[in-house]
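Take 0 as the starting number for the sequence shown in numbering that gives the first Met the number 0 and just add one per residue. Glycine residues also receive a C-beta, built at the ideal position from the N, C-alpha and C atoms. Take a look at the structure set out below.
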Amino acid sequence: MKRQTILLITTLVIGIFLGWVFFHSPHKIVEKHDDAPESVKETIWTCAMHPQIRMSKYGKCPICAMDLIQLNQGGATIDPEAIRMTNEAAQLANVLTSVVSKQNLVMEIRLYGKVQADERLLQSQVSYLPGRIEKLLVNFTGEAVRKGQTLAVIYSPDLITAQQELLETVTTKQSQPAIYEASKEKLRQWKLTEDQIASIEKSEKVKTNFEILANTTGIISARRVNNGDYVTSGSVLFDVADLSHIWVMFDAYESDLPYLSEGQKVTFSIQALPGVNYSGIITFIDPVLDPVTRVAKIRVEINNQAGKLKPEMFATGIVEATLNEYKDKLVIPRTAVLWTGKRSLVYVKQTETNEPIFKIREIELGPLLGNSYVVMDGLSDGEEIVTQGTFSVDASAQLEGKPSMMNQDEIVSIKPNQNGVETAETADQDHFSLQKIKVSGKCEMCKERIETAAKSVAGTISAEWNINKKTLLVKFDKIKTNSDAIQKAIAKTGHDTEKFKASDEVYNQLPECCLYRK
0 MKRQTILLIT
10 TLVIGIFLGW
20 VFFHSPHKIV
30 EKHDDAPESV
40 KETIWTCAMH
50 PQIRMSKYGK
60 CPICAMDLIQ
70 LNQGGATIDP
80 EAIRMTNEAA
90 QLANVLTSVV
100 SKQNLVMEIR
110 LYGKVQADER
120 LLQSQVSYLP
130 GRIEKLLVNF
140 TGEAVRKGQT
150 LAVIYSPDLI
160 TAQQELLETV
170 TTKQSQPAIY
180 EASKEKLRQW
190 KLTEDQIASI
200 EKSEKVKTNF
210 EILANTTGII
220 SARRVNNGDY
230 VTSGSVLFDV
240 ADLSHIWVMF
250 DAYESDLPYL
260 SEGQKVTFSI
270 QALPGVNYSG
280 IITFIDPVLD
290 PVTRVAKIRV
300 EINNQAGKLK
310 PEMFATGIVE
320 ATLNEYKDKL
330 VIPRTAVLWT
340 GKRSLVYVKQ
350 TETNEPIFKI
360 REIELGPLLG
370 NSYVVMDGLS
380 DGEEIVTQGT
390 FSVDASAQLE
400 GKPSMMNQDE
410 IVSIKPNQNG
420 VETAETADQD
430 HFSLQKIKVS
440 GKCEMCKERI
450 ETAAKSVAGT
460 ISAEWNINKK
470 TLLVKFDKIK
480 TNSDAIQKAI
490 AKTGHDTEKF
500 KASDEVYNQL
510 PECCLYRK
């Protein structure tokens, strides 16, 4: 028994010794896994698609089962009101940024109108002779006539008497030339040509029927006489329009008038002639607005020798107006702006780091330039802002409880002043409403008219009419106006709304393409 005990102790000692020999190391070895974080307690894990998820350890997103990513991966200390996104989240949300800069400020103004005859080339074909219309040689509207062409044959007793007087004075024209010239002058006053007078003298016969000749070249736009009618001297037989030179009359809303002037170039297309572009110069701007439609007429003159442009054709024009008064201002894309009632907001990228870290800022906007806005205040040249995916950034800010466009609390906007020093400004609380209103209409001209009428109401922030759904999405300040006031303004321009119907008088003055009632 004693011998076995000694053998067991000896074996244990030898095992301890061999273990020390084979596994002893002068340095402490700590196994480290690449997948585990260095400091688990200091790392927060989140989901790229659901940034509201916050977990203390690595794993799967409980919503979409995606692998979690580290929320804070080191880097510069950021403003507590700024929103930090991971590069993966920014890529998935398609967030793009661009540097703010000064650009060539050109406003694109779209105009709608019609082709009309040149009023200066409209003439009335009258009968200078009193009598009875024996025969009409031009007897329908739209027929082309040329100067000197016979339009009608007239029987005139007064002309018969005048011819007899002429033939009587021919025999005494040598002795009494004054009487002879007086009888010829009487015929000239009735617009008889020298050839016609000479023909009467040569034939020595009185003509009972006489031709009425066209005094201009053009198109018969109206016929005002029939065979057998008795007419007096000066009675209008036809209205003639010369269409070799025409006008294109555009409607310009009062909000566009400050950017239009005589001499500007207008590029336009005709709906009936697709694929063909025309251009002309603004030669006249009506100084008085139409009280019903709230538009002023803009006239463009153009040659029409080929006769392709016909009165009442619809035209769509574009004017590119240079805004010299805003030449030192910045321009940002329309997609960068978030509208919240009175405020216009953008997300500015922080410059302290290359990470996608953004902070909301209120800015003041100027006129809209197609797909861009002029910035009056709030941004500096060279700053970088979010231009695509702005709503995704704002959604992340909302989920983290940071200042965003939907926060009811006041947003403090940090802006650089003229000296480059950032100052804080507090924005007023929002008192706005967003509503959908049914509004009747048919075409793009209706859209322009409806939106302009809505925006003309004090307190309206924005208005957009859907031509397919016939609905107007309008945002307005509830303190300054209401839905009824906006609908009344729209109805006054000829468009029925949910509560108010346009008067027949105003509706009937709308262009033919805008008539929506059956």
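Chain-order list of residues whose beta-carbon lies under 7 Å from that of residue i (same chain, five-residue window excluded)
i	result
SER123	VAL235 and ASP238
ALA501	ALA490, GLY493, HIS494 and ASP495
THR215	GLN122, LYS146, VAL239 and ASP241
ALA484	VAL456
MET405	GLN397
Identified DSSP bridge partners for residue i
i	result
TRP246	GLN115 and GLU300
LEU344	LEU337 and GLU361
LEU259	Paired residue(s): none; LEU259 is not in a bridge.
ILE436	LEU471
ARG131	TYR154 and TYR229
LEU124	This sequence places Gln at residue 124; Leu is not what is there. PHE237.
Cβ pair residue i, residue j closer than 7 Å
i	j	result
LYS468	ALA462	no
LEU128	TRP189	yes
GLU210	THR168	no
THR389	LEU337	yes
VAL152	ASN208	yes
SER432	LYS477	yes
ILE362	LEU378	yes
ILE82	SER395	yes
ILE62	THR85	no
ILE384	VAL347	yes
GLY458	LYS479	yes
VAL265	GLY279	yes
THR470	LYS435	yes
MET312	ILE359	no
First and last residue of the uninterrupted alpha helix (DSSP H) at residue i
i	result
PHE390	389-398
ASN507	Here ASN507 belongs to no alpha helix (DSSP H), and DSSP marks it neither H nor E.
SER234	Not the alpha helix (DSSP H): SER234 falls in the beta strand (DSSP E), residues 234-240.
ALA89	86-91
SER198	193-202
Limits of the unbroken beta strand (DSSP E) element including residue i
i	result
VAL374	371-376
VAL318	313-321
VAL152	149-154
ILE331	329-332
SER254	Taken as a continuous stretch (DSSP letters only), SER254 belongs to no beta strand (DSSP E), as it is neither H nor E.
Cβ shell of residue i (< 8 Å), same chain only, five flanking positions each side left out
i	result
THR282	GLU261, ARG298, VAL299 and GLU300
ALA488	ALA452, ALA453, SER455 and VAL456
TYR524	The structure shown does not extend to residue 524, since the chain is modelled only from 0 to 517, so the question has no answer here.
ASP157	LEU128, PRO129 and GLY130
LEU259	ILE108, ALA251, ILE281, ILE284, ILE297, VAL318 and ALA320
VAL29	Here the model assigns VAL29 a pLDDT of 35, short of 50, so the residue's position is not dependable and the matter cannot be decided.
PHE22	With a pLDDT of 47 at PHE22, under the threshold of 50, the modelled position of that residue is not reliable, and the figure given next carries that caveat. Within the same chain, PHE22 has no close Cβ partners at all.
Same chain, Cβ closer than 6 Å to residue i, five either side skipped, listed in chain order
i	result
LYS498	GLN486
LYS172	TYR179
SER182	GLU164, LEU165 and THR168
GLN263	ILE281 and VAL318
ARG310	Residue 310 is actually Pro in this sequence, not Arg. Hits under 6 Å: VAL114, GLN115 and ALA116.
Three or more beta-carbon pairs under 8 Å between the stretch 240-257 and the stretch 278-295, yes or no? Pairwise C-beta distances place the stretch 240-257 in contact with the stretch 278-295, as three or more of them are shorter than 8 Å.
Do the stretch 88-97 and the stretch 241-248 make contact, defined as three or more Cβ pairs closer than 8 Å? In short, these stretches do not touch, since the Cβ pair count stays below three.
For the structure I just gave you, are there three or more beta carbon pairs, one from the stretch 107-118 and one from the stretch 315-324, closer than 8 Å? Short answer: they touch.
Does the stretch 394-406 come close enough to the stretch 138-147 to have 3 or more Cβ pairs within less than 8 Å? Short answer: they don't touch.
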